[in-house]
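K.L.:
Below is the structure I would like to discuss, written out as structure tokens.
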Amino acid sequence: MSDETTASAARATAGAIGHGTLVDPRGLSARTDRAGTTRPAVVRTLAFLRKLYGLVQRYFPQFLIAGIAFAILKVYANGGLTLMGAQIKNALVLGAIYALVAIGYTMVYGIIELINFAHGDVFTLSGFYAFVIAGLSGGAIGSLATHSGIGLLLALLIIFPTTMVAAGFTGVVIERVAYRRLRDAPRLAPLITAIGVSFLLEGLMLVIFGADNRPTKLSSWITGRAVRVAGVDVNWKDIFVVATALGLMFSLGAFVRITTLGKAMRATAQDRSASLLSGINVNRTISATFFIGSALAAAGAIVYSINYDLIQWNLGYQLGIIAFTAAVLGGIGNIVGAGVGGFIIGVISVFGGQLAGGEWSNSLVFAILVIILTFRPVGLFGVDVTTRA
Numbered sequence: 001m002s003d004e005t006t007a008s009a010a011r012a013t014a015g016a017i018g019h020g021t022l023v024d025p026r027g028l029s030a031r032t033d034r035a036g037t038t039r040p041a042v043v044r045t046l047a048f049l050r051k052l053y054g055l056v057q058r059y060f061p062q063f064l065i066a067g068i069a070f071a072i073l074k075v076y077a078n079g080g081l082t083l084m085g086a087q088i089k090n091a092l093v094l095g096a097i098y099a100l101v102a103i104g105y106t107m108v109y110g111i112i113e114l115i116n117f118a119h120g121d122v123f124t125l126s127g128f129y130a131f132v133i134a135g136l137s138g139g140a141i142g143s144l145a146t147h148s149g150i151g152l153l154l155a156l157l158i159i160f161p162t163t164m165v166a167a168g169f170t171g172v173v174i175e176r177v178a179y180r181r182l183r184d185a186p187r188l189a190p191l192i193t194a195i196g197v198s199f200l201l202e203g204l205m206l207v208i209f210g211a212d213n214r215p216t217k218l219s220s221w222i223t224g225r226a227v228r229v230a231g232v233d234v235n236w237k238d239i240f241v242v243a244t245a246l247g248l249m250f251s252l253g254a255f256v257r258i259t260t261l262g263k264a265m266r267a268t269a270q271d272r273s274a275s276l277l278s279g280i281n282v283n284r285t286i287s288a289t290f291f292i293g294s295a296l297a298a299a300g301a302i303v304y305s306i307n308y309d310l311i312q313w314n315l316g317y318q319l320g321i322i323a324f325t326a327a328v329l330g331g332i333g334n335i336v337g338a339g340v341g342g343f344i345i346g347v348i349s350v351f352g353g354q355l356a357g358g359e360w361s362n363s364l365v366f367a368i369l370v371i372i373l374t375f376r377p378v379g380l381f382g383v384d385v386t387t388r389a
């Protein structure tokens with residue numbers, strides 16, 4: 001009986017193999033290819049997903065450009081050239097603000113590998129600095145700005161340097177008090193500290209300035225239409241915001257490439273220990289990085305106030321995360337990438353909000369963050385390098 005059963009099983013197995021099906025001892029069957037190797041459906045599915053992942057990872061910039069182009073053309077199809085032009089203008093203005101804040105994130109990360117979550121709150125605090133400075137003179141600075149072209153220039157020469165210097169020293173104090181002792185600590189420690197500093201700054205602003213929106217009154221400084229293109233009014237303040245952002249970005253790029261401090265910053269970002277051995281004052285270089293990043297956030301806060309006129313204690317939390325997304329998109333640690341990422345995020349936010357509804361604009365930006373971290377964590381301009389110890 002036993003011999004007959006064994007022989008029957010052998011014949012069944014031989015027949016199954018001949019028909020391309022492998023019968024295992026557990027009674028399960030799986031299809032095989034012509035070479036006789038097992039190819040379960042789950043293996044084929046995983047292979048397909050792996051190939052798809054590699055495809056998206058490789059051509060991520062092209063997919064991103066195609067998506068943006070589709071959104072712009074869709075808005076054009078829905079509302080015509082006027083609506084498309086108006087949204088392009090809005091995207092450039094918003095992107096300029098994101099770019100200025102994103103550069104601060106990428107500079108700090110590039111030199112000490114810290115995600116400074118308090119940076120967005122430095123942006124908000126800088127807006128309040130501008131609010132206070134403009135109000136200290138009893139409105140004289142505002143009157144000067146609206147009196148004449150020369151008066152506006154003088155007012156800007158007052159508000160920009162003073163606010164940027166105040167914000168810069170705020171960044172230096174934060175680095176010296178909260179972060180310097182944690183440079184060699186486990187990565188989680190400075191990250192938690194950065195979140196704590198963010199909550200501290202928000203609490204201070206809430207107590208000092210209150211929970212209500214504060215009108216900065218800077219929007220009255222620059223008024224009037226500069227030009228009308230395809231039915232779209234381009235105001236002087238729009239041009240000022242974008243020109244200021246681009247000017248500061250190019251100036252920073254030249255500073256980092258040409259000056260001694262800029263070269264020290266690049267060297268410290270490349271190898272902190274080697275920079276210290278070569279005679280570079282690493283502490284001073286890192287403090288200067290925080291100063292410059294915070295000063296750029298202050299410039300972003302001023303142009304934000306000129307364009308939107310309102311500042312609130314918790315503004316920097318959400319705006320900071322969006323600017324951080326821009327820095328990651330461009331390639332965290334890459335200054336040019338952060339600037340480009342800011343403008344791209346501005347386009348995604350504006351056109352995505354136009355198509356999906358304004359309440360979805362931030363959700364789309366955060367979805368972009370998840371997609372970037374999943375498929376291309378080095379960003380558009382970043383380079384995949386081994387993490388420093």
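In this text, residue positions in the sequence shown follow UniProt numbering: the first is 1, and each later residue adds one.
Glycine residues also receive a C-beta, built at the ideal position from the N, C-alpha and C atoms.
Bear in mind the structure is a predicted one, so any value in this text is a computation, not a measurement.
Would you report the Cα separation of residue 255 and residue 107, rounded to the nearest angstrom?
P.N.:
The alpha-carbon atoms of residue 255 and residue 107 are separated by roughly 13 Å.
K.L.:
Write down every uninterrupted run of the alpha helix (DSSP H) in the region 57 to 124 whose length is 4 residues or greater and which is fully enclosed by it, in chain order.
P.N.:
As far as the region 57 to 124 is concerned, its whole alpha helix (DSSP H) runs of at least 4 residues are 60 to 112.
K.L.:
Report yes or no: do the region 310 to 326 and the region 353 to 367 share at least 3 C-beta pairs separated by less than 8 Å?
P.N.:
Touching, yes.
K.L.:
Give the secondary structure of residue 426 by DSSP, where H, G and I count as helix, E and B as strand, and everything else as coil.
P.N.:
For the chain, the structure presents residues 1 to 389; residue 426 sits outside this window and is missing.
K.L.:
Between residue 178 and residue 287, what straight-line distance do the alpha-carbon atoms span, to the nearest angstrom?
P.N.:
Taking the straight line from one Cα to the other gives about 12 Å.
K.L.:
Bridge partners for residue 334 per DSSP, in chain order?
P.N.:
DSSP output for residue 334 lists no bridge partner at all.
K.L.:
Find the nearest neighbour of residue 306 within the set 259, 225, 127 and 317, judged by alpha-carbon distance.
P.N.:
Cα-wise, what sits closest to residue 306 is 127.
K.L.:
Measure the Cβ-Cβ separation of residue 379 and residue 337 and say whether it is below 8 Å.
P.N.:
For residue 379 and residue 337, yes; Cβs fall inside 8 Å.
K.L.:
What are the partner residues of residue 234, as DSSP defines its beta bridges?
P.N.:
In the DSSP output, where bridge partners are listed per residue, residue 234 has 227.
K.L.:
Quick check on DSSP: helix, strand or coil for residue 310?
P.N.:
The answer is strand: DSSP assigns residue 310 an E or B state.
K.L.:
Would residue 116 pass as a contact of residue 194 if the rule is Cβ separation under 8 Å?
P.N.:
Against a cut-off of 8 Å, the Cβ pair of residue 194 and residue 116 comes out as a contact.
K.L.:
Which of the three DSSP states, helix, strand or coil, is assigned to residue 273?
P.N.:
DSSP places residue 273 in helix when its eight states are reduced to three.
K.L.:
Can you give the Cα-Cα distance for residue 222 and residue 237, rounded to whole angstroms?
P.N.:
One C-alpha to the other measures close to 6 Å.
K.L.:
Give the range of the alpha helix (DSSP H) segment to which residue 365 is assigned.
P.N.:
That run of the alpha helix (DSSP H) goes 361 to 375.
K.L.:
So for residue 40, helix, strand or coil by DSSP?
P.N.:
Residue 40 falls in the coil class under three-state DSSP.
K.L.:
Which term fits residue 202, buried or exposed, when burial requires 16 or more other beta carbons within 10 angstroms of its beta carbon?
P.N.:
That one is buried.
K.L.:
Grouping DSSP H, G and I as helix and E and B as strand, with all else coil, what is residue 378?
P.N.:
DSSP places residue 378 in coil when its eight states are reduced to three.
K.L.:
With DSSP collapsed to three states, give me the class of residue 357.
P.N.:
Looking at residue 357 - three-state DSSP - the assignment turns out to be coil, as it is neither helix nor strand.
K.L.:
Look at residue 320 and residue 120 and say whether their C-beta atoms are less than 8 Å apart.
P.N.:
Closer than 8 Å, so yes.
K.L.:
Rounding to the nearest angstrom, what Cα-Cα distance links residue 413 and residue 82 in this structure?
P.N.:
Residue 413 is absent from the structure shown; the chain starts at 1 and stops at 389.
K.L.:
Would the beta-carbon of residue 52 be found less than 7 Å away from any heavy atom of the ligand HEM?
P.N.:
Of ligands this structure carries none, so the ligand HEM is not represented either.
K.L.:
With a threshold of 16 other CB atoms inside 10 Å of the CB of residue 156, please say whether the residue is buried or exposed.
P.N.:
Label assigned to residue 156: buried.
K.L.:
According to DSSP, is residue 49 helix, strand or coil?
P.N.:
Residue 49 falls in the helix class under three-state DSSP.
K.L.:
Three or more C-beta pairs under 8 Å: does that hold for the region 99 to 114 against the region 267 to 287?
P.N.:
The answer is yes - the region 267 to 287 touches the region 99 to 114, with three or more Cβ pairs under 8 Å.
K.L.:
So, with DSSP's three-state summary, where would you put residue 176?
P.N.:
It is helical.
K.L.:
Is the region 49 to 66 touching the region 371 to 378, taking contact as three or more C-beta pairs under 8 Å?
P.N.:
Touching, per the Cβ criterion.
K.L.:
Can you tell me which of 97, 219 and 132 puts its alpha carbon nearest to the alpha carbon of residue 309?
P.N.:
That would be 219, whose Cα lies nearest to the Cα of residue 309.
K.L.:
Under three-state DSSP, which class holds residue 442?
P.N.:
Because the chain in this structure spans residues 1 to 389, residue 442 falls outside the shown range and cannot be described.
K.L.:
Beta carbon of residue 298, beta carbon of residue 98: below 8 Å?
P.N.:
For residue 298 and residue 98, no; Cβs fall outside 8 Å.
K.L.:
Between the alpha carbons of residue 390 and residue 165, how many angstroms are there, rounded?
P.N.:
Given that the chain is displayed from residue 1 to residue 389, the structure contains no residue 390 and the question cannot be resolved.
K.L.:
What is the C-beta distance between residue 124 and residue 205, in whole angstroms, given that I count them as a contact (C-beta under 8 Å)?
P.N.:
Yes, residue 124 and residue 205 are in contact; Cβ-Cβ is about 6 Å, under 8 Å.
K.L.:
Quick one: Cα of residue 386 to Cα of residue 102, how far?
P.N.:
Low per-residue confidence applies at residue 386: pLDDT is 44, beneath 50, and the placement is therefore not dependable, though the value from the model is reported in the following sentence. Near 23 Å, if we compare the C-alpha coordinates of residue 102 and residue 386.
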